[in-house]
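Residue numbers (this note's numbering): 117 to 266.
So, in structure tokens, the structure goes:
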């Protein structure tokens, strides 16, 4: 019976299968298990699913990244409609604040709205904890908190 598991994409499946085969080979070299080729289709699939889980856990823990490509913005697009690298977006935002941040202060939010905005910013910086974009979000949340006394 096939195992119900949804791989993120073909690359995840391929990486999981390589990891599962390598794990099986190590166990075989110790004399504990048969070779990868000697496993049934069902055993290979089960092992691949388990390996995919370990790969996801390692990626979530920040141990490795298979993409190699820099992470891109979810909503912001360049003039051609393509997402931009988040590092570039963070640099743009810092530059914009530096060039335009000397103007008049505006009172646009009441205390409850400010609390919600800063809470959302704090949540957002938790999404990007190891990125410069997360750092600028955190700085903006602290700045708003300090100004608003939230």
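Quick reminder that beta carbons are idealized off the backbone N, C-alpha and C, glycines included.
{"Check": "Strand pairing of residue 139, partner residues [DSSP]", "Outcome": "Paired residue(s): none; residue 139 is not in a bridge."}
{"Check": "Span separating the alpha-carbon of residue 256 from that of residue 172", "Outcome": "31 Å"}
{"Check": "For residue 221, three-class secondary structure by DSSP", "Outcome": "coil"}
{"Check": "Three or more C-beta pairs below 8 Å linking the stretch 132-140 and the stretch 159-170", "Outcome": "yes"}
{"Check": "Per-residue burial, residue 234 [other beta carbons within 10 Å of its own, 16 or more giving buried]", "Outcome": "buried"}
{"Check": "DSSP beta-bridge partners of residue 201", "Outcome": "188"}
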